[in-house]
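Chemist:
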Amino acid sequence: MPRRTKQPLDALVSQEEIRPLYDRLSSMYDVWGRLAESRARARAIELAAIKDGQAILEVAVGTGLAFFELVRRNPSGTNRGIDLSPGMLARATKRMAAVGHDNYSLALGDAFGLDIKDDSIDTLVNNYMFDLIPYADMGRILAEFRRVLKPGGRLVLVNMTKSERLGPRIYARLYRMSPRTLGGCRGIELGDRLEQHGFRVEIREVYQQFLFPSEVILATAEP
Ligand SMILES: C[S@@+](CC[C@H](N)C(=O)[O-])C[C@H]1O[C@@H](n2cnc3c(N)ncnc32)[C@H](O)[C@@H]1O
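Each residue of the sequence shown is one higher than the last, beginning at 2 in the working numbering.
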């Protein structure tokens, strides 16, 4: 009998729902962000290895938890943060008031169509967004990321990931029962897709915090 292969869990919350969902979640997002995601996010900032003077873009900047740290390290560079949700951006704007300089911008924007020139970004950071995106659409976003990054530029990604360990299985079950409770995030693995869209994966690490599994990836844009 042929072996049945397990289908990956696809997005159960539509793209149209993401903006209002995150507008609603924005006031409590930081509690979750600190409880379950802070280790992976801190490692992503480390892997971004920011040198002052770079062109940095964070897509899906959320409430600015990572953006604050990136901008702090890049006072004379270019720092842009975009997100779909005005509620999340309002929180990020409040947070950034304490960063110590105003060399940054925060704006509404969509990962599917970046208003940014080709080959212009040194480092692109994108945390906990691909886990909201249907598998069929991920390639379009990766092509946008590759377009705006300079050859050799760094792509730093964090996503909820999957595995057969207990924590990930509990979250997968919860997602099937109530995907909006988890903010629409389910466990994914991005690795092969990155290679198919012109990136070389340099580092992939998995962190589990509060039983919540995150993958942290550093990839570089192939010339
Ligand atoms: C789980 S939150 C993560 C926020 C932030 N990156 C962090 O790690 O704290 C997901 C964010 O992705 C944003 N988002 C989802 N789809 C997006 C898209 N297509 N373009 C830009 N932002 C998007 C949501 O509005 C939300 O702020």
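Each residue gets a CB set at the ideal place from its N, CA and C atoms; glycine is no exception.
Go through the segment 33-108 residue by residue and report every complete run of the beta strand (DSSP E) that reaches 3 residues or more, in order.
Modeler: If we require 3 residues or more, the beta strand (DSSP E) runs fully inside the segment 33-108 come out as 56-60 and 79-84.
Chemist: Less than 7 Å separating the beta-carbons of Arg-81 and Asp-119?
Modeler: It is not a contact, given that the beta carbons lie outside the stated cut-off.
Chemist: Mind checking whether Ser-86 and Arg-20 have CB atoms under 7 Å apart?
Modeler: A contact, by the Cβ cut-off of 7 Å.
Chemist: Quick check: what's the CA-CA separation for Ala-1 versus His-198?
Modeler: There is no way to answer for residue 1, as the model of the chain reaches only from 2 to 224.
Chemist: On the DSSP letters alone, give me the boundaries of the beta strand (DSSP E) that Phe-113 sits inside.
Modeler: Note, Phe-113: premise wrong, no beta strand (DSSP E); not H, not E.
Chemist: For the segment 125-145 and the segment 171-179, state whether three or more C-beta atom pairs, one from each stretch, are separated by less than 8 Å.
Modeler: No: fewer than three Cβ pairs fall under 8 Å.
Chemist: CA-CA distance, Gln-55 and Gly-78?
Modeler: Taking the straight line joining both Cα atoms gives about 5 Å.
Chemist: Taking the alpha carbon of Glu-216 as the point to measure from, which residue in Ala-37, Ser-28 and Trp-33 has its own alpha carbon closest?
Modeler: With distances taken between Cα atoms, Glu-216 lies closest to Ala-37.
Chemist: Measure the C-alpha to C-alpha separation of Phe-68 and Val-62 and round it to an integer number of angstroms.
Modeler: Approximately 7 Å between the Cα atoms of the pair.
Chemist: State yes or no: is the C-beta of Met-89 within less than 7 Å of the C-beta of Ser-164?
Modeler: Contact flag unset, no.
Chemist: Would you mind working out which of Asn-160, Ala-45, Ile-134 and Ala-98 sits nearest Gly-13, comparing C-alpha positions?
Modeler: At residue 13 the sequence reads Leu, which differs from the Gly that was named. Minimum Cα distance to Leu-13 is reached at Ile-134.
Chemist: With a cut-off of 8 Å on the beta carbons, I'd call Ala-222 and Leu-150 a contact; round off their distance for me.
Modeler: Ala-222 to Leu-150, Cβ: 4 Å. Contact.
Chemist: Tell me which residue opens and which closes the beta strand (DSSP E) that Tyr-129 is part of.
Modeler: Run containing Tyr-129: none; DSSP gives neither H nor E here.
Chemist: In terms of alpha-carbon separation, which member of Ile-218, Trp-33, Pro-180 and Leu-66 lies closest to Phe-211?
Modeler: Checking every option, the nearest Cα to that of Phe-211 belongs to Trp-33.
Chemist: Could you check which residue in Ala-45, Ser-121 and Leu-22 has the C-alpha nearest to that of Asn-160?
Modeler: That would be Ala-45, whose Cα lies nearest to the Cα of Asn-160.
Chemist: Using 7 Å as the threshold, is the C-beta distance between Val-207 and Val-157 below it?
Modeler: No; because the gap between Cβ atoms is not below 7 Å, this pair is not in contact.
Chemist: Answer with buried or exposed for Asn-75, where buried requires no fewer than 16 other C-beta atoms within 10 angstroms of its C-beta.
Modeler: Result: buried.
Chemist: Name the DSSP bridge partner or partners of Ile-189?
Modeler: Note: Ile-189 sits in no beta bridge, so no partner.
Chemist: On the CB-based measure, 16 or more other CB atoms within 10 Å of its CB, does Glu-70 come out buried or exposed?
Modeler: Per the 10 Å Cβ criterion, buried.
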